[in-house]
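Comments concern the structure below.
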Amino acid sequence: MKENLNDLRAFLVVARTGSFTKAGAQMGVSQSALSHSIRGIEERLNIKLFHRTTRSISTTEAGEQLYQRLSPLFDDIDNELNELSEFRNAVTGTLRINGNEHAFYYALGDKFVRFSQKYPEVNLELVAENRFIDIVAERFDAGIRLGSDVAKDMIAVRLTDKLPMCCVASPEYLANYGTPKTPYDLTEHQCLLHRLSNGGVMNWEFIDPKSKGRILKVQPQGTISANGGRVLENYARSGLGILWCPLDMVEEDIRSGKLIRILQQWDMDYDGYHLYYPNRRQNSPLFKALVEELRLVK
Numbered sequence: 001m002k003e004n005l006n007d008l009r010a011f012l013v014v015a016r017t018g019s020f021t022k023a024g025a026q027m028g029v030s031q032s033a034l035s036h037s038i039r040g041i042e043e044r045l046n047i048k049l050f051h052r053t054t055r056s057i058s059t060t061e062a063g064e065q066l067y068q069r070l071s072p073l074f075d076d077i078d079n080e081l082n083e084l085s086e087f088r089n090a091v092t093g094t095l096r097i098n099g100n101e102h103a104f105y106y107a108l109g110d111k112f113v114r115f116s117q118k119y120p121e122v123n124l125e126l127v128a129e130n131r132f133i134d135i136v137a138e139r140f141d142a143g144i145r146l147g148s149d150v151a152k153d154m155i156a157v158r159l160t161d162k163l164p165m166c167c168v169a170s171p172e173y174l175a176n177y178g179t180p181k182t183p184y185d186l187t188e189h190q191c192l193l194h195r196l197s198n199g200g201v202m203n204w205e206f207i208d209p210k211s212k213g214r215i216l217k218v219q220p221q222g223t224i225s226a227n228g229g230r231v232l233e234n235y236a237r238s239g240l241g242i243l244w245c246p247l248d249m250v251e252e253d254i255r256s257g258k259l260i261r262i263l264q265q266w267d268m269d270y271d272g273y274h275l276y277y278p279n280r281r282q283n284s285p286l287f288k289a290l291v292e293e294l295r296l297v298k
């Protein structure tokens, strides 16, 4: 039995997104057309591939097995087709890049916009999350992480200078609860917590000004947590706690007086963001264009 490759690709996108609506938007087809394609595959195979409810869709055991086996095969096909662009020196294809919210929105947002404007034929999929992943195993073309977190067997390209961190709070919060003088005083304050993908809370790190190079780790305490910095920034502006975050996230609020920088002499700097990817990608015109647009230029 020969399956239509377009139908199989539709199956993969639905399985990955868990939604006919999202899959249809990605593929530029209607939800009903996708549903018809999936039903056709199930009827021809005589196997149910998805559990469907009025609110959600998920793969059955058979559907998950099919997804796990087909996904790398289709990725390899896409990669081989992308590599052919080298022969006509064209920049086309698909890029799946894993990073975090801060990298995509604050540190590199303008560069990604320029890349998409310059190369409109490139399908760009940016996946923002906090967890550390194996980009090869999870079928990403590249990842963006701080330099110290980049796998040693990858090609790494520096994208930004050092990343300065800071502590901020609103004038109202500091007027009501006082200003901490050292990170040790944070135990007496309401901290806005950055929730990690594993359910834990991100520690806050500082450099001891009396002992340069000594890193002080603080486990913040508070009643408000979120897995995105922009949400916590809004709570900080509203006077509901102290926020520890990259400086570029709150520079505008600091200039306007909505937030006040505190504990500045304890501020920590991290190594900058790097793009990393397997060495087999380095000669692709698509990757050369991406690196050229994102890399740090001094």
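Residue numbering for the sequence shown follows the UniProt record's numbering, beginning at 1 and increasing consecutively. Yeah, the Cβ is synthetic: ideal placement off N, Cα and C, and Gly gets one too.
Are the beta-carbon atoms of residue 168 and residue 226 separated by less than 8 angstroms? Going by beta carbons, residue 168 and residue 226 fall outside the 8 angstroms limit.
May I have the straight-line CA-CA distance separating residue 105 from residue 64, to the nearest angstrom? Distance between the alpha carbons of residue 105 and residue 64: 32 angstroms.
Less than 8 angstroms separating the beta-carbons of residue 150 and residue 274? Going by beta carbons, residue 150 and residue 274 fall inside the 8 angstroms limit.
How about residue 196 and residue 208: are their beta carbons less than 8 angstroms apart? Not in contact: residue 196 and residue 208 (Cβ atoms no closer than 8 angstroms).
Pull up the distance between the alpha-carbon of residue 173 and that of residue 102, whole angstroms please. Computed Cα separation, rounded: 25 angstroms.
With a threshold of 8 angstroms on Cβ separation, who are the neighbours of residue 203 within its own chain once the five nearest residues in sequence on each side are excluded? Counting only Cβ-Cβ distances below 8 angstroms, and skipping sequence neighbours, we find 217, 218, 219 and 220.
DSSP puts residue 125 in a beta bridge; with which residues? Per DSSP, 96.
If you compare alpha carbons, which of 272, 266 and 95 is closest to residue 248? Selected option, being the one with the closest Cα: 272.
Comparing C-alpha positions only, which one of 293, 122 and 263 sits nearest to residue 186? If we check each option's Cα against that of residue 186, 263 comes out closest.
Pick out the complete beta strand (DSSP E) segments inside the segment 157 to 225, 3 residues or longer, and give them in chain order. Entirely contained in the segment 157 to 225, the beta strand (DSSP E) runs reaching 3 residues are, in chain order, 163 to 169, 192 to 194, 204 to 207 and 215 to 218.
Along the alpha helix (DSSP H) that carries residue 256, what are the first and last residues, could you check? The continuous alpha helix (DSSP H) containing residue 256 extends over residues 247 to 256.
DSSP puts residue 50 in a beta bridge; with which residues? Within the DSSP bridge table, the entry for residue 50 names 59 as partners.
Helix, strand or coil for residue 235, going by three-state DSSP, please let me know. It is helical.
Nearest-angstrom Cα separation, counted from residue 35 out to residue 10: Taking the Cα positions, residue 10 is about 9 angstroms away from residue 35.
What number of angstroms, rounded off, separates the C-alpha of residue 39 from the C-alpha of residue 33? Rounded to whole angstroms, the separation of the alpha carbons of residue 33 and residue 39 is 10 angstroms.
Limits of the beta strand (DSSP E) - the one that residue 262 falls within: Start and end: 260 to 262.
If I measure Cβ to Cβ from residue 15 and keep anything under 6 angstroms in the same chain, skipping five residues before and after, which residues do I get? Excluding its 5 nearest sequence neighbours in each direction, residue 15 has C-beta neighbours in its own chain below 6 angstroms: 59 and 67, listed in chain order.
Residue environment, residue 141, which counts as buried when at least 16 other CB atoms sit within 10 Å: Buried, by the Cβ-count rule.
Helix, strand or coil, according to DSSP, for residue 135 in the structure here? If DSSP states are grouped into helix, strand and coil, residue 135 belongs with coil.
Below 6 angstroms CB to CB, which residues in the same chain sit around residue 166 once its five sequence neighbours on both sides are set aside? Excluding residues up to 5 positions away in sequence, 247, 261 and 267 lie with their Cβ nearer than 6 angstroms to the Cβ of residue 166 in the same chain.
Helix, strand or coil for residue 114, going by three-state DSSP, please let me know. The answer is helix: DSSP assigns residue 114 an H, G or I state.
Check whether the Cβ atoms of residue 193 and residue 222 lie closer than 8 angstroms to each other. Yes, the pair counts as a contact, with Cβ atoms nearer than the cut-off.
When the Cα atoms are used, what is the spatial distance from residue 284 to residue 91? So the alpha carbons of these two residues sit roughly 9 angstroms apart.
Is it buried or exposed, residue 296, if we count other Cβ atoms within 10 angstroms and call 16 or more buried? Exposed, since its Cβ has fewer than 16 Cβ neighbours within 10 Å.
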